[in-house]
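A.B. asks: Numbering-wise (the working numbering), the sequence shown opens with residue 1 and increments by one.
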Amino acid sequence: MQQHCKQSLTILCLFLLGLTACTPAKRPLPDVSGVEAPLQVQRFEQDLFQLDTNNFAAALATLPDKYPVFAELFCTRILEAGSLANLTQPQLDFLRGFVASPVYRAVYDTTQLVYPNLNAITADLQQALRYFRYYFPDVQAPEHLVTFNSAFNYSTIIFGENELAVSLDMFLGNDFDYQRYSPGAPIFSTYLVRTYNQDHLVAALLRVLIDDLVGPAPGNRLLDEMIHNGKKLYLLDQLLPTTADTVKFRVTPQQWTWLQENERNLWSHLLTEDLLYNSRYQDFRKLIEPSPSGAPTLPEESPGEAANYVGYRIVEQFMQRHPELPLGELLLYNQAQDILDQSRYKPARK
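Structural data, given as C-alpha cells:
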C-alpha cells in the first residue's frame, strides 16, 4: 500500500511538472513606481456651462485662453457651430442655446452628479500611462485630459497631440436613459449602453491610444483581423493588469464564462465553417465587432467579438513562448499566420 502511494505521488508530480513545462508562465508585472506620468485634467464642460449667457460673446471669448486647442475643436468639429475666431450671430446664438438649453443643462447636472471629481479616473489613467511609458518609452504619452459634454453627437473620445478628450455624458451609467435623447439610435442599443459607465471609461481612453499605436489590420482575412484585435487586447491587458476582464473584453460575466468554457469549441467552429481564412467581411463581422450576440451559427449566449478573444489567446501564447520579446516589438509582427504558428495554439478541453 505504501509503495503504491509513493508511485501515485510520483506520477502526480511528473504530471504537474509536465503541465508546467507545457504552459509558459505569464509575464511578471513590471515595477513602474519610478515612472513619471504627469497628467493635467481640465473640465471643459464646467467652464462652458458656467459661462454668463447674458454676456455670452465676451464670456465665450475667454475659453481659448484656457483651452487653446480644444475650445476651437469643440465648436468646429463637435458642435459644428463654426470657428470661434469669426462666429456669425446665428452661430453665436446656437452656442448660447446649447449652453442655456434645459435639456442639455439637465444632462450637464447629471454629469456633475456622476463625476463630482475625477480623482479615481485620474489615478487609474496615470497608472496605465506609467505602464505605457515603460513599454513604449519612445512614444509620446498624453499629458493632458479634457472632459466635455458632447450633446450625444458620438464624439466620445478625441486623441490629439499630447492630449485626450472624453465626453463624460457618454459614460453616465447603465441606468441613464440615452434613448430619450436619440430614440432608436443604434449607438444607444442595450448591449452598447451596458459599457457607458465609469468602470469602462479608462479602458475606452486606452483603446484610442492603442488603436493609434497599432494602426490598421495588415490583411482582410478573419485570421488577420482577429490576431490584429488580439494584439490590441493583449496591450490593453498589459496596461490595465488589475482591471476586470469583463471590462477589457466588453462582455458580461456570463459571456466571459462562456468564452472561457467554449474556447475549444469556438476555435473548432472557425475551422469547420471555413471562416479562419475567409476574406468576406460580412461573413465574420459579428465575430470581431461589438454585437448583442455572436455569429448566427454560434449559440445565442455567445457574445459579439468572440473571435477577438481567440485572437487574444493566440497572441498571449505567442508572447508566453517569447518571454524575451519586448512588448513594443510585438507590433512589428504583421504576419498573422506566423504568430499563429509560433504560438502553437491548441485550446484545451474543458
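Even for Gly, the Cβ is constructed at its ideal location relative to N, Cα and C.
Sort out for me which residues DSSP pairs Q40 with in a bridge.
C.D. replies: Here residue 40 refers to the residue found at position 40 when the sequence shown is read from its first residue. Note: Q40 sits in a beta bridge opposite H144.
A.B. asks: Any idea what DSSP makes of E316, helix, strand or coil?
C.D. replies: As a position in the sequence shown, residue 316 is number 316, starting the count at 1. Helix at E316.
A.B. asks: Which runs of the alpha helix (DSSP H) spanning at least 4 residues fall entirely within the stretch 168-202, listed in chain order?
C.D. replies: Those alpha helix (DSSP H) runs which fall completely within the stretch 168-202 and span 4+ residues are 190-193.
A.B. asks: State yes or no: is the beta carbon of L327 nearer than 7 Å to at least one beta carbon in chain C?
C.D. replies: Absent here is chain C; the protein component of the structure consists of one chain.
A.B. asks: What residues in its chain sit with their C-beta under 7 Å from that of E261, if we drop five residues either side in the sequence?
C.D. replies: Indexing the sequence shown from 1 puts residue 261 at position 261. Same-chain partners within the cutoff: K350.
A.B. asks: Tell me whether N54 is buried or exposed, calling it buried when 16 or more other Cβ atoms sit within 10 Å of its Cβ.
C.D. replies: Taking the sequence shown and counting its residues from 1, the one referred to as residue 54 is at position 54. Exposed: under 16 other Cβ atoms inside 10 Å.
A.B. asks: Please determine, among Y196, T243, V315, Q320, the residue with the shortest C-alpha to C-alpha distance to Q335.
C.D. replies: Here residue 335 refers to the residue found at position 335 of the sequence shown. Out of Y196, T243, V315, Q320, V315 has the C-alpha closest to the C-alpha of Q335.
A.B. asks: Could you tell me the alpha carbon to alpha carbon distance between E301 and V166, rounded to whole angstroms?
C.D. replies: Sequence index remark: in the sequence shown, residue 301 carries index 301 (1-based). Sequence index remark: in the sequence shown, residue 166 carries index 166 (1-based). The straight-line gap from Cα to Cα measures roughly 32 Å.
A.B. asks: Measure the CB-CB distance between A57 and L92 and report whether it falls below 7 Å.
C.D. replies: On the sequence shown, position 57 is the one that residue 57 refers to. On the sequence shown, position 92 is the one that residue 92 refers to. In contact: A57 and L92 (Cβ atoms closer than 7 Å).
A.B. asks: Between which residues of its own chain and V107 is the CB-CB distance below 6 Å, once the five residues before and five after are set aside?
C.D. replies: Locating residue 107 in the sequence shown gives position 107, where the first residue counts as 1. Answer for V107: D169, listed in chain order.
A.B. asks: The alpha helix (DSSP H) with I78 in it runs from where to where?
C.D. replies: Taking the sequence shown and counting its residues from 1, the one referred to as residue 78 is at position 78. No alpha helix (DSSP H) contains I78, which DSSP labels as neither H nor E.
A.B. asks: Express the C-alpha separation of A141 and Y312 in angstroms, rounding to a whole number.
C.D. replies: Looking up residue 312 in the sequence shown gives position 312. Looking up residue 141 in the sequence shown gives position 141. Spanning the two alpha carbons is a distance of roughly 24 Å.
A.B. asks: CB-CB under 6 Å to E263, same chain, minus the five flanking residues each way: which ones, in chain order?
C.D. replies: Residue 263 sits at position 263 when you count from the first residue of the sequence shown. Only P347 meet the Cβ criterion.
A.B. asks: DSSP three-state call for V103: helix, strand or coil?
C.D. replies: For the purposes of this step, residue 103 is taken as the residue at position 103 of the sequence shown. In the structure shown, V103 sits in a helix (DSSP, three-state: H, G or I).
A.B. asks: Distance check for L271 and T243, CA to CA, integer angstroms please.
C.D. replies: Position 243 of the sequence shown, counting from 1, holds the residue named residue 243. Position 271 of the sequence shown, counting from 1, holds the residue named residue 271. Each residue's alpha carbon lies about 32 Å from the other.
A.B. asks: Kindly identify the DSSP beta-bridge partner or partners of F159.
C.D. replies: As a working mapping, residue 159 is identified with position 159 in the sequence shown. Answer is L164, bridged to F159.
A.B. asks: Note down the Cα distance separating L113 from G219, rounded to an integer number of angstroms.
C.D. replies: The residue you call residue 113 lines up with position 113 of the sequence shown. The residue you call residue 219 lines up with position 219 of the sequence shown. Rounded to the nearest angstrom, the two C-alpha atoms are 45 Å apart.
A.B. asks: Pick out whichever of T88, A306, P186 has its Cα sitting closest to the Cα of S268.
C.D. replies: Residue numbering aside, residue 268 sits at position 268 when the sequence shown is read from its first letter. It is A306 whose Cα lies nearest to the Cα of S268.
A.B. asks: By the 10 Å Cβ neighbour count, where 16 or more other Cβ atoms means buried, how is I158 classified, buried or exposed?
C.D. replies: Here residue 158 corresponds to residue number 158 of the sequence shown, with the count starting at 1. Looking at its Cβ environment, which holds 16 or more other Cβ atoms inside 10 Å, I158 is buried.
A.B. asks: Under 8 Å, with one C-beta from each stretch per pair, do the stretch 65-75 and the stretch 122-132 reach the 3-pair mark?
C.D. replies: Counting Cβ pairs under 8 Å, fewer than three are found: no touch.
A.B. asks: With respect to the alpha helix (DSSP H) encompassing G328, which residues constitute its N-terminal and C-terminal limits?
C.D. replies: In the sequence shown, residue 328 corresponds to position 328, counting from 1. Element bounds for G328: 327-330.
A.B. asks: Hey, could you find the ends of the alpha helix (DSSP H) E263 is sitting in?
C.D. replies: Taking the sequence shown and counting its residues from 1, the one referred to as residue 263 is at position 263. Run containing E263: 263-272, per the alpha helix (DSSP H) assignment.
A.B. asks: What residues in its chain sit with their C-beta under 7 Å from that of R221, if we drop five residues either side in the sequence?
C.D. replies: Residue 221 sits at position 221 when you count from the first residue of the sequence shown. If we look at R221 and ignore the five residues flanking it on each side, its Cβ neighbours are Y277, N278, S279.
A.B. asks: Let me check understanding here. Comparing Cα to Cα, which of Y104, N308, V99, L60 lies closest to D83?
C.D. replies: Counting from 1 along the sequence shown, the entry for residue 83 is found at position 83. In the sequence on display, residue 83 carries Ser and not Asp. Ranking Y104, N308, V99, L60 by Cα distance to S83 puts L60 first.
A.B. asks: Evaluate V103 with the Cβ neighbour count: other Cβ atoms within 10 Å of its Cβ, from every protein chain shown; 16 or more gives buried, anything less gives exposed.
C.D. replies: Working through the sequence shown from its first residue, we reach residue 103 at position 103. Its Cβ having fewer than 16 others within 10 Å, V103 is exposed.
A.B. asks: How many Å lie between S155 and P28 at the Cα?
C.D. replies: Residue 155 sits at position 155 when you count from the first residue of the sequence shown. Residue 28 sits at position 28 when you count from the first residue of the sequence shown. Between S155 and P28, the C-alpha separation is close to 36 Å.
A.B. asks: What distance in whole Å lies between the Cβ atoms of F148 and F44, which are believed to be in contact at a cut-off of 8 Å?
C.D. replies: Here residue 44 corresponds to residue number 44 of the sequence shown, with the count starting at 1. Here residue 148 corresponds to residue number 148 of the sequence shown, with the count starting at 1. Correct: roughly 4 Å between the Cβ atoms.
A.B. asks: Hey, out of Q255, I288, N153, Y196, whose CA is closest to A217's CA?
C.D. replies: Here the question's residue 217 lines up with position 217 in the sequence shown. Closest option to A217, Cα to Cα, is I288.
A.B. asks: Check this for me: beta carbons of V35 and R130, under 7 Å apart or not?
C.D. replies: Here residue 35 refers to the residue found at position 35 of the sequence shown. Here residue 130 refers to the residue found at position 130 of the sequence shown. In this structure, R130 lies closer than 7 Å to V35 by Cβ.
A.B. asks: Suppose contacts are defined by Cβ-Cβ distances below 7 Å. Is P303 in contact with Q255 by that definition?
C.D. replies: Translated into positions along the sequence shown, residue 303 becomes position 303. Translated into positions along the sequence shown, residue 255 becomes position 255. Their beta carbons are under 7 Å apart, which means P303 touches Q255 by this criterion.
A.B. asks: Following the continuous alpha helix (DSSP H) through N229, name the residue where it begins and the one where it ends.
C.D. replies: Residue 229 sits at position 229 when you count from the first residue of the sequence shown. First-last of the alpha helix (DSSP H) with N229: 222-239.
A.B. asks: With a CB to CB cut of under 6 Å and the five nearest residues on each side skipped, what residues in its chain are close to Q3?
C.D. replies: As a position in the sequence shown, residue 3 is number 3, starting the count at 1. Confidence at Q3 is low in this model, with a pLDDT of 44, below 50, so the placement of that residue should be treated as unreliable; the coordinate-derived value is given next. Nothing listed; no residue qualifies.
A.B. asks: Is it buried or exposed, I339, if we count other Cβ atoms within 10 angstroms and call 16 or more buried?
C.D. replies: Indexing the sequence shown from 1 puts residue 339 at position 339. Burial call: buried.
A.B. asks: What is the DSSP secondary structure of L118, counted as helix, strand or coil?
C.D. replies: Taking the first residue of the sequence shown as position 1, residue 118 is located at position 118. Coil, per DSSP.
A.B. asks: Apart from the five residues on each side of it in sequence, which residues of its chain come closer than 8 Å, Cβ to Cβ, to D212?
C.D. replies: Your numbering for residue 212 matches position 212 in the sequence shown. Taken in chain order, the residues that qualify are F159.
A.B. asks: Indicate the three-state DSSP secondary structure (helix, strand or coil) for N334 in the structure shown.
C.D. replies: For the purposes of this step, residue 334 is identified with residue 334 of the sequence shown, where counting begins at 1. Here N334 sits in coil by DSSP.
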